[in-house]
Amino acid sequence: MNRYIWCLVFVCYTISGWGQSLQDEKIVADATEQLRYLVEYTEQLVQDSTRVSPRTLENGELELVRRGDWTSGFYPGILWQMFDLTRDEQWKDWAQTATARIEREKENGRTHDMGFKVYNSFGKGYQLTGDSHYREVIVHAAKTLSSRFNPTVGCIRSWDHNADKWQFPVIIDNMLNLELLFATTKLTGDSTYYQMAVSHAGKTLENHFRKDGGSYHVVDYDPKTGEVKHRHTHQGHAHESTWARGQAWAIYGFTMCYRETGEERFLKKALALFSWLSERLPEDGVAYWDFDVPTIPKEPRDASAAAVMASALYELDYLVPHKPALRELADRIMTSLTDSYRNEKGTSSGFLLGHSTGSKPHHSEVDVPLIYADYYYLEALLRKNGKF
Ligand code: GLY
1 MNRYIWCLVF
11 VCYTISGWGQ
21 SLQDEKIVAD
31 ATEQLRYLVE
41 YTEQLVQDST
51 RVSPRTLENG
61 ELELVRRGDW
71 TSGFYPGILW
81 QMFDLTRDEQ
91 WKDWAQTATA
101 RIEREKENGR
111 THDMGFKVYN
121 SFGKGYQLTG
131 DSHYREVIVH
141 AAKTLSSRFN
151 PTVGCIRSWD
161 HNADKWQFPV
171 IIDNMLNLEL
181 LFATTKLTGD
191 STYYQMAVSH
201 AGKTLENHFR
211 KDGGSYHVVD
221 YDPKTGEVKH
231 RHTHQGHAHE
241 STWARGQAWA
251 IYGFTMCYRE
261 TGEERFLKKA
271 LALFSWLSER
281 LPEDGVAYWD
291 FDVPTIPKEP
301 RDASAAAVMA
311 SALYELDYLV
321 PHKPALRELA
331 DRIMTSLTDS
341 YRNEKGTSSG
351 FLLGHSTGSK
361 PHHSEVDVPL
371 IYADYYYLEA
381 LLRKNGKF
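Heads up: the sequence shown begins at 1 in this note's numbering, then just goes up one per residue.
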């Protein structure tokens, strides 16, 4: 072939995205190898434990959590994602086993984290298998979650702890639990769940953001009047700073709400958050744990926030045509995570990404792997390749 034909082949290759998908196949192959370690370690440890799912590394050792922990659904979710990516039945078997281990959470009305736990596990399983038992668990869980909705406030209560500080705390993270409610209305035809989700998102839109576009972590309401009492942080640097993962939950949540409702106000917020991130993210696209810590760049990053942002941006790009900057930012984040934040294969008990930050103010989980970083990284990879 002469060099003009080679040149044409190269241009077609680049424009068509073939190069991209080949690169992603390598990522899937690496993840397959690495996550087998995670499964091996986890399944050994759960034999003699009441703990069911891996969360992080503590002093280099794999830390498992009980089913009530907010992160317990990410491990089964990852196994479903691997089944989706590879179509290898082994992942499906592992996913079914890990999903079954957390089923009783459908009855746990003491927390708002139902979507994180049940939708990312049973929801994914239902999407991939159509198993009617999974459908029942989703509906049961949504019913339990709805018991935390206060019609005067118009929101689902997030936490019961720190009752001396907050009466009815709602955290920005709670936006993610709304997907379970939207799904349940679609499954049952009962619009109550949809209405609760829209009400919660609307109140969050009204009350969770500063004029500069940064989000508050915790908004505390008076449960009798619905009035806002406090705007605080819990995991961020300061009440008036923007906690990176909070901003990630926000763009993810409003993108999802736009997908489910078609409401312009949610799209407008998601796009405003995109513009905010475009201006504020560091060069490699991976946020420091809080955007406003004065000691940046001598601060740890949060790869988990980056993975959530990338996944949200791929969805926003899918929903909003003719705005290539959305995908460009998502790609920038994914390239950085892949090239510079992945653990060496065979290390870190099988976690894919390092360098996440759970809660710096509590000196907890700083610059470590976190299971939800891996979950959203894989979700971003699926979405990047058109799988929603
Ligand atoms: N949802 C808890 C967190 O993001 O740390």
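Glycine included, every Cβ here is placed at the ideal spot set by N, Cα and C.
Note that this is a predicted model, so its numbers are computed, not measured.
- Close CB contacts of valine 118 within its chain, under the 8 Å cut and outside five residues either way in sequence, are with Gly73, Ile102, Glu105, Lys106, Val137, Ile138, Ala141, Leu180 (chain order).
- Taken atom to atom, the span from the alpha-carbon of leucine 62 to that of threonine 42 is near 8 Å.
- Note on geometry: alpha-carbon atoms of tyrosine 221 and alanine 95 lie some 39 Å from one another.
- DSSP places aspartate 93 in no beta strand (DSSP E) but in the uninterrupted alpha helix (DSSP H) bounded by 89-100.
- If you draw a straight line from the Cα of threonine 152 to the Cα of asparagine 207, it comes to about 15 Å.
- Taking 7 Å as the cut-off, one finds at least one heavy atom of the ligand GLY near enough to the beta carbon of glutamine 235.
- Annotation for histidine 112: no beta strand (DSSP E) segment contains it, and DSSP assigns it neither H nor E.
- Serine 348 and serine 191 have their C-alpha atoms some 44 Å from each other.
- Beta-bridge annotation (DSSP): arginine 231 is paired with Val219.
- Look at aspartate 30: its beta carbon is at least 7 Å from all of the heavy atoms in the ligand GLY.
- Inclusion of tryptophan 70 in the 7 Å shell around the ligand GLY follows from its C-beta lying nearer than that to a non-hydrogen atom of the ligand.
- Taking a C-beta distance under 8 Å as the contact criterion, proline 300 and lysine 224 do not qualify as a contact pair.
- Residue environment for proline 297: exposed (fewer than 16 other C-beta atoms within 10 angstroms of its C-beta).
- Distance from the CA atom of glycine 202 to the CA atom of methionine 82, rounded to whole angstroms, is 34 Å.
- Contact between the segment 363-376 and the segment 41-61 is present, with at least three C-beta pairs closer than 8 Å.
- Across the structure, threonine 338 and valine 46 are spaced so that their CA atoms are roughly 29 Å apart.
- With respect to the C-alpha of serine 304, the residue from Gly262, His230, Gly130, Glu379 having the closest C-alpha is Glu379.
- Taking every protein chain shown into account, the CB of glutamine 235 has 16 or more other CB atoms within 10 angstroms, so this residue is buried.
- The continuous beta strand (DSSP E) containing serine 359 extends over residues 356-359.
- A straight-line Cα-Cα distance of about 28 Å links valine 39 and tyrosine 252.
- Rounded to whole angstroms, the Cβ separation of aspartate 284 and serine 336 is 4 Å, and the two are in contact under 8 Å.
- The beta-bridge partner set that DSSP reports for leucine 313 is empty.
- The alpha-carbon of lysine 124 is positioned some 6 Å away from that of glycine 77.
- Annotation for arginine 245 indicates a beta carbon within 7 Å of some heavy atom of the ligand GLY.
- Note that the C-beta distance between leucine 319 and arginine 259 is below 8 Å.
- Annotation for tyrosine 375: Phe74, Gly77, Ile78 place their beta carbon closer than 6 Å to its own, counting only its chain and skipping 5 residues before and after.
- Ranked by Cα distance from alanine 373, the first of Lys345, Asn385, Tyr341 is Tyr341.
- In the DSSP assignment, threonine 192 falls outside any beta strand (DSSP E) and within the unbroken alpha helix (DSSP H) covering 192-207.
- When Tyr37, Ser53, Trp159, His161 are compared, the shortest CA-CA separation from alanine 100 is found for Ser53.
- With respect to the 8 Å criterion, histidine 217 and glycine 246 are classified as neighbours on the basis of their beta carbons.
- Distance from tryptophan 243 to threonine 233 at the Cβ level is roughly 6 Å; contact confirmed, criterion being Cβ atoms closer than 8 Å.
- Closest in alpha carbon position to tryptophan 249, among Lys229, His237, Asp30, Leu205, is Leu205.
- Taking the Cα positions, serine 275 is about 10 Å away from alanine 325.
- By the neighbour-count criterion, in which a residue is buried when 16 or more other Cβ atoms sit within 10 angstroms of its Cβ, serine 241 is buried.
- Burial of histidine 112 is indicated by the presence of at least 16 other C-beta atoms within 10 angstroms of its C-beta.
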